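Residues in the sequence shown are numbered consecutively from 460, following this note's numbering.
We treat Cβ as the ideally placed atom computed from N, Cα and C, and that holds for glycine.
Note that this is a predicted model, so its numbers are computed, not measured.
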Amino acid sequence: MDIHEYQAKELLRGFGVNVPRGGIAYSPEQAVYRTQELSGERWVVKAQIHSGARGKAGGVKICATEREVLEAADSMLGKRLVTHQTGPQGKLVGRLYVEEATDIQQEIYLGFVMDRKDERIVVVASAEGGMEIEDISAEKPDSIIRSVVDPAVGMEAFQAREIAFSLGLDPALIPQAVKTLIACYKAFQELDAAMVEINPLVVTGAGEIVALDAKLSFDENALFRRPQISELRDKSQEDSRETYASDRGLNYIGLDGQIGCVVNGAGLAMATLDMIKMAGGEPANFLDVGGGASPDRVLKSFRAVLNDPNVEAILVNIFAGINRCDWIAEGVVRAVRELELKIPLVVRLSGTNVEEGRKILADSKLDITTADTLAEAAEKVVAAWKSNAQG
Ligand code: GDP
Ligand code: MN
């Protein structure tokens, strides 16, 4: 789960990271009011969306007068901001963050991520901040510093000092850099973060180290024990299809095609997407019903798939081990009847209780196409979708 920049800064401030003063605004008038509260001579108006690269997309504006603040806020609020991370539909700007402007002398990249292979939190840093990490690794790979933290001891001062020196920081700045690194590590660990990214972390003209941007994302499996974090969720920033499904306990990922998929197991789901593509179709989603799926869960899964208006055909592909084909078939039959399904449906069942499952589908007399193999199922659903779309 992602949160907004201002929320991330607030959390990091609590751990001792230095952040600029600022305030949230929901209207242009409120943005101006924030500048009066902050006083000073220059302010930055920042669109709060769950995406980076806002600067290049017009979502970060430095202003020198109240009039400029008003205009910047007016140009951003209520619009969808398209960055190269959001996709063409962009993300709705519902709130702004107004900050005192910072006088930048140097921009540093600082990130903390979970390395699954090492089973460790890894610090990634570069003196070439400001650009995105992908661009840094493409253009200045030698500038990237990587340091692995031992979870048994946490980040120690000597390790933080080593990173700070590798960044080529002035010795006078080292204590502040160490404090920032240790604070970020603590935030990562204590909040069950999946990522902490500060880009840029800047050195100001006055010799201060300040987090000018902040991105935090969280491990969703740990949210149950972090109520203060789950409160920060902003559903307006999420794919509404995914929110609908995850709110109902379904594993669902929205894609851009037309063929809806109901599958069990992530591996089989990936294989199913590949087969649909090979057959000339495009999957609309990835939905994993999991193991031991009840008819009710299958019905819910159909609802989630049909919640996407782009879905024009459905493929059910179940390789039942823990699952039972008869339960799946019962769920499919209920879904077709209760949801009055009008688009082509292809079902491939295999494994536990497959005969019972097939019988339920056949006895229903519903217009359901069956298939024995995944390849056959994929070809049939794509063919049915194409002929339906043309006719
Ligand atoms: P992002 O584009 O979404 O990553 O948003 P950032 O918060 O990182 O802002 C983008 C860029 O705007 C930064 O890399 C800075 O170069 C610039 N910027 C942001 N805030 C300030 C500021 O207070 N002063 C100055 N001079 N530049 C800023
Ligand atoms: Mn940034």
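Which residues DSSP lists as bridging residue i, in chain order
| i | result |
| --- | --- |
| K674 | E656 |
| A772 | I718 |
| K550 | L540 |
| G810 | A779 |
| D461 | S676 |
| Y711 | L746 |
| S498 | Answer is none; S498 lacks a bridge partner. |
| L555 | A484 and A506 |
| K573 | Reading off the sequence shown, one finds Met at residue 573, where the question assumed Lys. I580. |
| V662 | Q565 and I668 |
For residue i, the first and last residue of its enclosing alpha helix (DSSP H)
| i | result |
| --- | --- |
| L765 | P754 to L765 |
| Y485 | Where Y485 is concerned, there is no enclosing alpha helix (DSSP H), given that its DSSP letter is neither H nor E. |
| V637 | I633 to E649 |
| S534 | E525 to M535 |
| R796 | C784 to E797 |
Proximity below 8 Å, CB of residue i to CB of residue j
| i | j | result |
| --- | --- | --- |
| A772 | N847 | yes |
| G664 | Q544 | no |
| V840 | I718 | yes |
| L640 | I657 | no |
| T494 | V519 | no |
| M460 | F677 | yes |
| N812 | D831 | no |
| L732 | C720 | yes |
| A860 | L774 | Missing from the structure shown is residue 860; the chain here goes from 460 to 850 and no further. |
| G790 | D755 | yes |
| K638 | G511 | no |
| A834 | M729 | no |
| I787 | L808 | yes |
| L660 | G589 | no |
| A506 | V552 | yes |
| V504 | A531 | yes |
| A616 | L471 | no |
| G716 | P686 | no |
| I592 | S602 | no |
| V476 | A670 | yes |
| A642 | G666 | no |
| L714 | F745 | yes |
| A560 | I521 | yes |
| E701 | Y711 | yes |
Reduced DSSP category for residue i - H, G, I as helix; E, B as strand; rest coil
| i | result |
| --- | --- |
| L804 | strand |
| S596 | helix |
| R692 | coil |
| S625 | helix |
| A738 | coil |
| T561 | coil |
| M827 | Strictly speaking, residue 827 in this sequence is Ile, with Met absent from that position. The answer is coil: DSSP assigns I827 none of H, G, I, E or B. |
| E566 | strand |
| T731 | helix |
Host beta strand (DSSP E) of residue i (start-end)
| i | result |
| --- | --- |
| S699 | Premise fails: S699 lies in the alpha helix (DSSP H), S699 to D706, not in any beta strand (DSSP E). |
| S846 | First-last for S846: L833 to Q849, but that is the alpha helix (DSSP H), not the beta strand (DSSP E). |
| R605 | I603 to V608 |
| I521 | V519 to C522 |
Check: residue i C-beta below 7 Å from any heavy atom of the ligand PLP
| i | result |
| --- | --- |
| N658 | The ligand content of the structure shown is limited to the ligand GDP and the ligand MN, which means the ligand PLP is not among them. |
Assess contact between the region 481-496 and the region 647-655, defined as three or more Cβ pairs (one per stretch) separated by less than 8 Å. Is contact present? Output reads no: the region 647-655 does not touch the region 481-496.
Three or more C-beta pairs below 8 Å linking the region 711-729 and the region 686-697: The answer is no - the region 686-697 does not touch the region 711-729, with fewer than three Cβ pairs under 8 Å.
Please confirm if the region 568-576 is in contact with the region 527-542, defined as three or more CB-CB distances below 8 Å between the two stretches. Cβ pair count under 8 Å is below three, so no.
So, do the region 745-753 and the region 793-812 have three or more beta carbon pairs nearer to each other than 8 Å? In short, these stretches do not touch, since the Cβ pair count stays below three.
The region 624-641 touching the region 595-615, judged by at least three CB pairs closer than 8 Å: Using a C-beta cut-off of 8 Å, the region 624-641 makes contact with the region 595-615, since at least three inter-stretch Cβ pairs fall below that distance.
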